[in-house]
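Trainee:
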Amino acid sequence: MEPKFNIDRPKISDEEIKKHQNFEQLVKQFKQQSLNKAKHDKSWWKSKKVRYSAVIAGITVICTISYLALFKNETKQNTTHETVITQNNNNQNIPTKKSFINEPSQNLKVNYTSYKINNAKGGELKHPSSSKIKVPVNTFVDKNGKDVIGDVTIEYREFHDAADIIASGIPMNYDSAGTKYNLESAGMFDIKGTQNGEPVFIKKDKKVEIELASANSENKFNQYYLDTVTKNWQYIKKDHANSISGNNHETNDFDNNDKDNSDNYIKRSTKLQLIKDQIEVVIPKKIDSVKTVYTKKIDAIPKVKEPTKINKPTPGRPTFYLEGSYNEFPELAAFNNVIFEVGPENKNYRPDMHEITWSDVKVSEGPVKGKNYLLTLTYRKQVEKLIVYPTLSGADLEKAEKKYQQKYKDYESLVEKKQAEETRLMAEMEAKQKTYLAEIKSKQEEFDKQRAKFITEFKQKEQSQLASNFNAMSAQTKATRLFTISSFGVYNSDCPHAEPTGKTISPMFVSGEKGNAINPDILYMVNHNTKMVYNIAFKDGFKITYEPSNNYSLCVFRNNKLFICNKDQFKATANKDSNKFTITELPDNADNLVDFKKALEI
Amino acid sequence: MAINPHFHHTNEQINEELIIIEAAKQNPERFGPLYNKYYKQIFNYLYQRMEDKDTAFDLTGQVFLKALTNLPNYQFKGVPFASWLYRIAHNEMMQMFRVQKDRRSVNADIGDLKYICEEHDEPFFEEYIPAIKKLLLELDEEDMQMVEFRFFEKRPFKEIAEILDITEVNAKVRMYRIIEKLKKSMSKLKL
Numbered sequence: 046m047e048p049k050f051n052i053d054r055p056k057i058s059d060e061e062i063k064k065h066q067n068f069e070q071l072v073k074q075f076k077q078q079s080l081n082k083a084k085h086d087k088s089w090w091k092s093k094k095v096r097y098s099a100v101i102a103g104i105t106v107i108c109t110i111s112y113l114a115l116f117k118n119e120t121k122q123n124t125t126h127e128t129v130i131t132q133n134n135n136n137q138n139i140p141t142k143k144s145f146i147n148e149p150s151q152n153l154k155v156n157y158t159s160y161k162i163n164n165a166k167g168g169e170l171k172h173p174s175s176s177k178i179k180v181p182v183n184t185f186v187d188k189n190g191k192d193v194i195g196d197v198t199i200e201y202r203e204f205h206d207a208a209d210i211i212a213s214g215i216p217m218n219y220d221s222a223g224t225k226y227n228l229e230s231a232g233m234f235d236i237k238g239t240q241n242g243e244p245v246f247i248k249k250d251k252k253v254e255i256e257l258a259s260a261n262s263e264n265k266f267n268q269y270y271l272d273t274v275t276k277n278w279q280y281i282k283k284d285h286a287n288s289i290s291g292n293n294h295e296t297n298d299f300d301n302n303d304k305d306n307s308d309n310y311i312k313r314s315t316k317l318q319l320i321k322d323q324i325e326v327v328i329p330k331k332i333d334s335v336k337t338v339y340t341k342k343i344d345a346i347p348k349v350k351e352p353t354k355i356n357k358p359t360p361g362r363p364t365f366y367l368e369g370s371y372n373e374f375p376e377l378a379a380f381n382n383v384i385f386e387v388g389p390e391n392k393n394y395r396p397d398m399h400e401i402t403w404s405d406v407k408v409s410e411g412p413v414k415g416k417n418y419l420l421t422l423t424y425r426k427q428v429e430k431l432i433v434y435p436t437l438s439g440a441d442l443e444k445a446e447k448k449y450q451q452k453y454k455d456y457e458s459l460v461e462k463k464q465a466e467e468t469r470l471m472a473e474m475e476a477k478q479k480t481y482l483a484e485i486k487s488k489q490e491e492f493d494k495q496r497a498k499f500i501t502e503f504k505q506k507e508q509s510q511l512a513s514n515f516n517a518m519s520a521q522t523k524a525t526r527l528f529t530i531s532s533f534g535v536y537n538s539d540c541p542h543a544e545p546t547g548k549t550i551s552p553m554f555v556s557g558e559k560g561n562a563i564n565p566d567i568l569y570m571v572n573h574n575t576k577m578v579y580n581i582a583f584k585d586g587f588k589i590t591y592e593p594s595n596n597y598s599l600c601v602f603r604n605n606k607l608f609i610c611n612k613d614q615f616k617a618t619a620n621k622d623s624n625k626f627t628i629t630e631l632p633d634n635a636d637n638l639v640d641f642k643k644a645l646e647i
Numbered sequence: 086m087a088i089n090p091h092f093h094h095t096n097e098q099i100n101e102e103l104i105i106i107e108a109a110k111q112n113p114e115r116f117g118p119l120y121n122k123y124y125k126q127i128f129n130y131l132y133q134r135m136e137d138k139d140t141a142f143d144l145t146g147q148v149f150l151k152a153l154t155n156l157p158n159y160q161f162k163g164v165p166f167a168s169w170l171y172r173i174a175h176n177e178m179m180q181m182f183r184v185q186k187d188r189r190s191v192n193a194d195i196g197d198l199k200y201i202c203e204e205h206d207e208p209f210f211e212e213y214i215p216a217i218k219k220l221l222l223e224l225d226e227e228d229m230q231m232v233e234f235r236f237f238e239k240r241p242f243k244e245i246a247e248i249l250d251i252t253e254v255n256a257k258v259r260m261y262r263i264i265e266k267l268k269k270s271m272s273k274l275k276l
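First to last, the protein sequences are chains A and B.
Under my numbering, think of the first position of the first sequence as 46, with each following residue one higher.
Under my numbering, think of the first position of the second sequence as 86, with each following residue one higher.
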């Protein structure tokens with residue numbers, strides 16, 4: 046079968062790879078495999094030695110147990126305790142320890158809305174849900190306690206329903222003096238402040254007021270602060286709902302930080318991303334590629350060598366004329382009739398060098414190739430080296446001059462050709478690059494237009510989504526709840542409820558046409574009557590307790606996939622007195638909080 | 086081509102690995118450092134050659150389980166432990182393709198194809214992609230593997246040789262032949 050060829054398939058992130066990296070699991074598998082192998086391999090039992098040893102060991106164990114049972118009650122207690130520990134250690138299905146706030150999925154996110162506020166001026170921020178954040182002047186200090194100068198970024202988000210709560214991963218159980226409760230929320234928010242990425246803090250004597258819009262106008266709620274150190278909710282005070290009439294939504298100062306968020310918008314649009322890739326990656330790569338290829342082509346044009354001109358000797362300069370039999374010095378035959386002029390750079394030249402009859406003469410390449418030569422003169426142990434320039438005189442010079450003229454003509458025409466070829470290639474390269482640059486320009490214009498359009502549409506959609514979500518909660522029972530906070534964090538208007546009562550079962554989950562079994566990593570139960578969310582803890586398996594007269598949904602997270610058992614599916618199973626729940630997988634797209642709410646019928 | 090520090094080791098690093106291996110032969114729980122060191126490499130190797138992410142994760146787990154099971158038989162041959170893991174990964178993957186009649190996949194970036202073109206002194210344009218794909222798909226499994234190692238994963242010849250258990254010279258010769266083959270085909274296609 047021919048392989049499938051993918052181009053630019055998205056890479057798997059390091060985080061995702063890390064998530065699957067589980068050495069403990071590997072060791073467990075390995076041990077299990079070894080155990081299975083040992084179980085099937087019974088050859089060891091055939092050995093008489095092993096059989097006798099086993100019998101002796103058995104008798105020893107029985108004797109020891111009887112002795113301990115009769116005389117050592119304390120030891121017995123300890124032994125029981127150890128057994129419990131061993132059981133826990135052997136439990137293969139205990140999920141790994143998770144952090145306190147544990148977002149169940151990367152795709153489900155309640156996004157922060159970002160605001161800018163000048164610390165010296167303070168002010169009031171209006172959130173799309175109609176909540177208000179009131180900041181007095183000079184409220185924020187940095188980590189050294191100094192007043193922050195300039196703008197502070199406030200990031201704020203609210204959680205109003207079961208879907209928001211589940212997506213946030215914020216635990217909704219509350220431990221009050223050892224008694225466990227579940228919290229029913231009338232609205233929760235998370236607020237934080239930064240300047241240039243560094244956290245800022247609320248000054249000791251200052252308070253920030255949050256007028257939280259709430260869908261519940263009952264007065265049974267308390268205010269709590271989520272203490273991430275003690276990992277528990279801290280009671281602040283009794284909450285009071287201020288009822289408001291009519292729809293009080295105002296247009297907000299939503300996101301004054303367009304530039305910072307621009308990248309986030311781009312990430313949300315495949316079309317924008319594609320254009321951006323074209324501008325930043327694909328087309329520049331083409332330009333680079335063209336440059337590489339044409340540079341290679343230009344370099345490949347053969348270099349033209351300029352011919353060397355031979356001059357007549359300079360009057361007054363010493364010269365050497367090599368006389369003698371060229372049979373004796375065949376390598377000098379090429380220098381027939383050449384007069385070597387001693388260059389002025391030779392400081393070792395002496396006129397008496399002409400008086401010596403040299404026994405050996407060598408001419409080799411000089412320091413400037415093609416221009417000068419190295420003349421090595423040897424007599425016994427005396428060796429002299431001179432840089433010399435070849436010259437000619439008389440008829441030889443005329444002949445050489447003619448030859449040089451011809452060669453130079455050829456050289457000029459070759460240079461001309463080379464330059465023309467280079468110019469042609471450069472022009473071709475520039476033309477190709479220009480086309481790509483024009484393409485970049487037009488893509489950039491298209492990108493700017495598309496981005497402006499997308500941001501406008503996205504903002505409108507997001508605002509109307511936020512507003513409609515809020516309205517959908519309960520149009521008649523809107524209220525505001527006033528929080529006065531002295532530190533950033535998560536705050537909640539809650540009413541604690543005792544642990545649920547009713548029928549307790551160990552649920553099983555099946556999905557798809559084939560009814561494949563799904564083992565949850567995380568399990569949530571939503572009670573639609575009380576609007577409460579239960580994060581079901583894993584303890585010897587998952588167990589849920591429900592009141593048959595109420596309406597419930599179940600949310601199952603498995604391998605970053607989200608499955609829902611909606612109200613009807615839950616009811617159907619409960620009515621059959623079964624524990625097998627049919628669950629449906631939610632599409633795995635980036636913004637599925639809205640789909641999640643729809644699936645939960647919120 | 087840059088050296089892959091995760092693959093290439095100094096003698097000291099190789100010795101450290103050997104100590105861990107010997108300890109893990111006695112107690113599998115000592116295998117952790119090698120598992121953590123090579124998990125990502127092996128996953129990426131497998132995922133580059135198959136379609137489904139989950140299958141790649143499953144197979145990566147299988148590779149390490151197999152490595153741990155066969156660790157007592159592991160013999161040091163002077164090359165990093167990774168080459169042994171790669172060979173297990175390759176065998177497991179081919180076995181899976183055979184048994185499940187699954188389709189192998191080849192994954193490349195546009196930059197990789199550009200690199201191939203430039204190796205052949207040809208400019209690269211996106212319009213060439215279908216033709217290059219066609220050429221590469223005509224290669225047999227062994228040659229494809231070399232192309233993946235060299236052009237898509239940018240591995241140096243030393244590393245390729247160690248993974249394939251051949252000499253570095255042999256790896257270079259094989260690659261040279263493949264390049265020649267591709268050159269011929271490219272000229273036929275008149276890229």
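Think of the CB as a built atom: it goes at the ideal place given N, C-alpha and C, for glycine as much as any other residue.
Measure from the C-beta of I99 of chain B to each C-beta in chain A and report whether the shortest distance is under 8 Å.
Mentor: Position 14 of the second sequence, counted from the first residue, corresponds to residue 99 of chain B. For I99 of chain B, the answer is no, since every Cβ of chain A falls outside 8 Å of its Cβ.
Trainee: Just how far apart, CA to CA, sit T575 of chain A and I589 of chain A?
Mentor: Your numbering for residue 575 of chain A matches position 530 in the first sequence. Your numbering for residue 589 of chain A matches position 544 in the first sequence. Their Cα atoms are separated by approximately 16 Å.
Trainee: Within the 8 Å Cβ cut-off, does P656 of chain A reach chain B?
Mentor: Since the first residue shown for chain A is 46 and the last is 647, residue 656 of chain A is missing from the structure and cannot be characterised.
Trainee: State yes or no: is the beta carbon of T140 of chain B nearer than 8 Å to at least one beta carbon in chain A?
Mentor: For this step, residue 140 of chain B is matched to residue 55 along the second sequence. Closer than 8 Å: no.
Trainee: Residue range of the beta strand (DSSP E) that R172 of chain B falls in?
Mentor: Along the second sequence, read from residue 1 onward, the residue named residue 172 of chain B stands at position 87. Counting along the chain, R172 of chain B falls outside any beta strand (DSSP E), though it belongs to the alpha helix (DSSP H) covering 166-185.
Trainee: Any C-beta of chain A within less than 9 Å: which residues of the segment 167-194 of chain B qualify?
Mentor: Listed by position along the chain: F182, K186, D187, R188, R189, S190, V191, N192, A193, D194.
Trainee: Identify which residue in A:N564, A:K454, A:D235 has its Cα closest to the Cα of T273 of chain A.
Mentor: Position 228 of the first sequence holds residue 273 of chain A. Per the Cα distances, A:D235.
Trainee: Can you check whether the CB of K330 of chain A is closer than 8 Å to the CB of G195 of chain B?
Mentor: Indexing the second sequence from 1 puts residue 195 of chain B at position 110. Indexing the first sequence from 1 puts residue 330 of chain A at position 285. For the sequence presented, residue 195 of chain B should be read as Ile rather than Gly. In this structure, K330 of chain A lies closer than 8 Å to I195 of chain B by Cβ.
Trainee: Per DSSP, what kind of secondary structure is E256 of chain A in: helix, strand or coil?
Mentor: As a working mapping, residue 256 of chain A is identified with position 211 in the first sequence. Three-state DSSP puts E256 of chain A in a strand.
Trainee: Applying the criterion that 16 or more other CB atoms from any shown protein chain within 10 Å of the CB defines a buried residue, is V428 of chain A buried or exposed?
Mentor: Counting from 1 along the first sequence, the entry for residue 428 of chain A is found at position 383. It is exposed - the Cβ of V428 of chain A has fewer than 16 other Cβ atoms within 10 Å.
Trainee: Beta carbon of Y418 of chain A, beta carbon of S404 of chain A: below 8 Å?
Mentor: Reading the first sequence from its first residue, position 373 is the one you call residue 418 of chain A. Reading the first sequence from its first residue, position 359 is the one you call residue 404 of chain A. No; because the gap between Cβ atoms is not below 8 Å, this pair is not in contact.
Trainee: If you reduce the DSSP assignment to three classes, tell me which class L431 of chain A lands in.
Mentor: Position 386 of the first sequence holds residue 431 of chain A. The answer is strand: DSSP assigns L431 of chain A an E or B state.
Trainee: Can you give me the C-alpha to C-alpha distance between P157 of chain B and G238 of chain A, rounded to a whole angstrom?
Mentor: Here residue 157 of chain B is taken as the residue at index 72 of the second sequence, counted from 1. Here residue 238 of chain A is taken as the residue at index 193 of the first sequence, counted from 1. Cα-Cα distance, rounded: 56 Å.
Trainee: I'd like to know whether the C-beta atoms of E101 of chain B and P165 of chain B end up nearer to each other than 8 Å.
Mentor: By 1-based counting over the second sequence, the position of residue 101 of chain B is 16. By 1-based counting over the second sequence, the position of residue 165 of chain B is 80. The answer is no: Cβ separation not under 8 Å.
Trainee: For P157 of chain B, return the contacting residues in chain A, with the cut-off set at a CB-CB distance below 8 Å.
Mentor: Residue 157 of chain B sits at position 72 when you count from the first residue of the second sequence. Simply none; closest approach about 12 Å.
Trainee: Just mark M179 of chain B as buried or exposed, buried being the case when its beta carbon has 16 or more other beta carbons within 10 Å.
Mentor: Here residue 179 of chain B is taken as the residue at index 94 of the second sequence, counted from 1. The residue in question, M179 of chain B, is exposed, as its Cβ has fewer than 16 Cβ neighbours within 10 Å.
Trainee: With a CB to CB cut of under 6 Å and the five nearest residues on each side skipped, what residues in its chain are close to E127 of chain A?
Mentor: Here residue 127 of chain A corresponds to residue number 82 of the first sequence, with the count starting at 1. Since pLDDT at E127 of chain A reaches only 31, below the 50 mark, its modelled position is unreliable, and no value is offered.
Trainee: Tell me which same chain residues have a C-beta within less than 7 Å of the C-beta of Q279 of chain A, skipping the five on either side of it?
Mentor: Position 234 of the first sequence, counted from the start, is the residue given in the question as residue 279 of chain A. Same-chain partners within the cutoff: Y269, Y270, D272.
Trainee: Quick one: which unbroken alpha helix (DSSP H) runs of 4-plus residues sit fully inside the segment 199-236 of chain B? Chain order, please.
Mentor: Runs found: 214-222, 226-232.
Trainee: Using CA atoms only, rank isn't needed, just tell me which of B:L119, B:R262, B:Q230 is closest to Y130 of chain B.
Mentor: As a working note, residue 130 of chain B is residue 45 in the second sequence. It is B:Q230.
Trainee: If you follow the alpha helix (DSSP H) that V148 of chain B is part of, which residue opens it and which one closes it?
Mentor: As a position in the second sequence, residue 148 of chain B is number 63, starting the count at 1. Segment 138-155, the alpha helix (DSSP H) holding V148 of chain B.
Trainee: Kindly indicate which three-state DSSP category L115 of chain A falls into: helix, strand or coil?
Mentor: As a first step, residue 115 of chain A is located in the first sequence; it is residue number 70 there, counting from the start. With a pLDDT of 48 at L115 of chain A, under the threshold of 50, the predicted position of this residue should be treated as unreliable, though the coordinate-derived value follows. In this structure, L115 of chain A counts as helix in the three-state DSSP scheme.
Trainee: So is Y366 of chain A buried or exposed if we call it buried at 16+ other beta carbons inside 10 Å?
Mentor: Here residue 366 of chain A refers to the residue found at position 321 when the first sequence is read from its first residue. Flag for Y366 of chain A reads exposed.
Trainee: Between N183 of chain A and A165 of chain A, how many whole angstroms is the CB-CB distance? I'm expecting something under 8 Å.
Mentor: Reading the first sequence from its first residue, position 138 is the one you call residue 183 of chain A. Reading the first sequence from its first residue, position 120 is the one you call residue 165 of chain A. Confirmed, about 6 Å.
Trainee: Who are A193 of chain B's beta bridge partners in DSSP?
Mentor: Your numbering for residue 193 of chain B matches position 108 in the second sequence. A:I52.
Trainee: Taking T337 of chain A as the query, report the chain B residues whose CB atoms sit under 7 Å from its CB, ordered along the chain.
Mentor: Numbered from its first residue, the first sequence carries residue 337 of chain A at position 292. Those within 7 Å of T337 of chain A in chain B are E203.
Trainee: In the structure shown, what three-state DSSP assignment does F266 of chain A receive?
Mentor: In the first sequence, counting from the first residue as 1, residue 266 of chain A sits at position 221. F266 of chain A falls in the coil class under three-state DSSP.
Trainee: Use the C-beta contact count for S288 of chain A: other C-beta atoms within 10 angstroms, 16 or more gives buried, fewer gives exposed.
Mentor: For this step, residue 288 of chain A is matched to residue 243 along the first sequence. Exposed, because fewer than 16 other Cβ atoms sit within 10 Å of the Cβ of S288 of chain A.
Trainee: Alpha carbon to alpha carbon, how far is T359 of chain A from L437 of chain A? Give it in angstroms, no decimals.
Mentor: Locating residue 437 of chain A in the first sequence gives position 392, where the first residue counts as 1. Locating residue 359 of chain A in the first sequence gives position 314, where the first residue counts as 1. Each residue's Cα considered, the two are about 11 Å apart.
Trainee: Taking the alpha-carbon positions, what's the G214 of chain A to Y339 of chain A distance?
Mentor: Stepping through the first sequence from its first residue, residue 214 of chain A is reached at position 169. Stepping through the first sequence from its first residue, residue 339 of chain A is reached at position 294. Going by the C-alpha atoms only, they are around 57 Å apart.
Trainee: Among residues of its own chain, excluding the 5 on either side of E148 of chain A, which ones have a beta-carbon nearer than 6 Å to its beta-carbon?
Mentor: On the first sequence, residue 148 of chain A is found 103 positions in, with the first residue counted as 1. For E148 of chain A, where only same-chain residues beyond five positions count, the Cβ hits under 6 Å are G214.
Trainee: Keeping to the same chain, check which residues put their C-beta closer than 8 Å to that of K488 of chain A; ignore five residues upstream and five downstream.
Mentor: If you number the first sequence from 1, residue 488 of chain A lands on position 443. For K488 of chain A, where only same-chain residues beyond five positions count, the Cβ hits under 8 Å are I320, Q323, I324, I328.
Trainee: Going along chain B in order, which residues have a C-beta closer than 8 Å to the C-beta of F35 of chain A?
Mentor: The structure shown does not extend to residue 35 of chain A, since chain A spans only 46 to 647, so no value can be given for it.
Trainee: Decide if the segment 566-573 of chain A is in contact with the segment 590-599 of chain A; the criterion is three or more beta carbon pairs, one per stretch, under 8 Å apart.
Mentor: Touching, per the Cβ criterion.
Trainee: Could you name the residues that DSSP lists as bridge partners for K606 of chain A?
Mentor: Walking along the first sequence from the start, residue 606 of chain A turns up at place 561. K606 of chain A pairs with A:R603.
Trainee: Which value, in whole angstroms, describes the spacing of the CA atoms of F75 of chain A and T154 of chain B?
Mentor: Within the first sequence, numbered from 1, the residue matching residue 75 of chain A stands at position 30. Within the second sequence, numbered from 1, the residue matching residue 154 of chain B stands at position 69. Their Cα atoms are separated by approximately 7 Å.
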